[in-house]
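**Student:** Sequential numbering of the sequence shown, starting at 80, is according to this note's numbering. A virtual CB, placed ideally from N, CA and C, is assigned to each residue, including glycine. Note that the structure is a prediction, hence the values are computed from the model and not measured. To start, I am sharing the structure in question, which I have written as structure tokens.
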Amino acid sequence: MYKNILLAVDGSEFGMGSVPYTVRLAKAIGARITALHVTAPYETVALGGLASFLVGDEYTKRASINATVVLDRVKRVAQDANVLVSTFQVEHAHPWQAIIETAKEQKADLILMSSHGRRGIAGILLGSETKKVLTHTTTPVLVWRGV
Numbered sequence: 080m081y082k083n084i085l086l087a088v089d090g091s092e093f094g095m096g097s098v099p100y101t102v103r104l105a106k107a108i109g110a111r112i113t114a115l116h117v118t119a120p121y122e123t124v125a126l127g128g129l130a131s132f133l134v135g136d137e138y139t140k141r142a143s144i145n146a147t148v149v150l151d152r153v154k155r156v157a158q159d160a161n162v163l164v165s166t167f168q169v170e171h172a173h174p175w176q177a178i179i180e181t182a183k184e185q186k187a188d189l190i191l192m193s194s195h196g197r198r199g200i201a202g203i204l205l206g207s208e209t210k211k212v213l214t215h216t217t218t219p220v221l222v223w224r225g226v
């Protein structure tokens, strides 16, 4: 069975909904959780038009604070359930690649991600990090779609 679940969290309200589920799953099967939050490098954000609002160092500082807040929430829920948890923040332009790389580096045997399950034009236009992970990884992936 699975021993190390990589939980990819983006910090969104929907995405954080997967945390209690992941903790319950890990507890039930005796697994640990490796929580990952991926932040985009400043260059990627600047190209997206936010450069006028946040300059490099300020963006990096805010992204780091946000990642800490997100990962601390995961850590708190896991620790309250007596589930071992480790947390990682990775800066990468392509979150799906960071998820796959971290899963390999941390020897995760299951990746858990949330997905809104958008269909039609929204799914095509927005693209899906979950879909990209599913396409490119050899590690089993469990997709949480909420309840």
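#1: Mind checking who P83 pairs with in its DSSP beta bridge?
#2: At what residues does the alpha helix (DSSP H) containing S229 begin and finish?
#3: Quick one: any contact between the segment 150-170 and the segment 95-111, if contact means 3 or more CB pairs under 8 angstroms?
#4: Note down, in chain order, each residue of its chain lying with its Cβ closer than 8 angstroms to the Cβ of L213, except the 5 sequence neighbours on either side.
#5: Pull up the distance between the alpha-carbon of D151 and that of D89, whole angstroms please.
#6: Nearest chain C C-beta to K186 closer than 8 angstroms, yes or no?
#7: Is there contact between the segment 87-103 and the segment 141-151, where contact requires at least three CB pairs shorter than 8 angstroms?
#8: For L86 versus V153, is the C-beta spacing smaller than 8 angstroms?
#9: Would you mind working out which of L189, H173 and T218 sits nearest H116, comparing C-alpha positions?
#10: What is the DSSP secondary structure of T217, counted as helix, strand or coil?
#11: Which partner residues does E170 have in the DSSP bridge list?
#12: Can you tell me whether M80 is buried or exposed, with buried defined as 16 or more other CB within 10 angstroms of its CB?
**Tutor:** With the given structure in hand:
#1: What sits at residue 83 in the sequence shown is Asn, not Pro. Note: N83 sits in a beta bridge opposite R111.
#2: A query on residue 229 cannot be resolved here, the shown segment of the chain reaching from 80 to 226 and no further.
#3: In this structure the segment 150-170 touches the segment 95-111; the number of beta carbon pairs closer than 8 angstroms is three or more.
#4: V220 and V222.
#5: It is roughly 13 angstroms from the alpha-carbon of D151 to the alpha-carbon of D89.
#6: In the structure shown, chain C cannot be found, because there is only a single protein chain.
#7: Contact between the segment 87-103 and the segment 141-151 is present: three or more C-beta pairs spanning the two stretches fall below 8 angstroms.
#8: With a cutoff of 8 angstroms on beta-carbon distance, L86 and V153 are scored as near each other.
#9: Ranking L189, H173 and T218 by CA distance to the CA of H116 puts H173 first.
#10: Correct three-state label for T217: coil.
#11: According to DSSP, E170 bridges with T118.
#12: By the beta-carbon neighbour count (other beta carbons within 10 angstroms, threshold 16), M80 is exposed.
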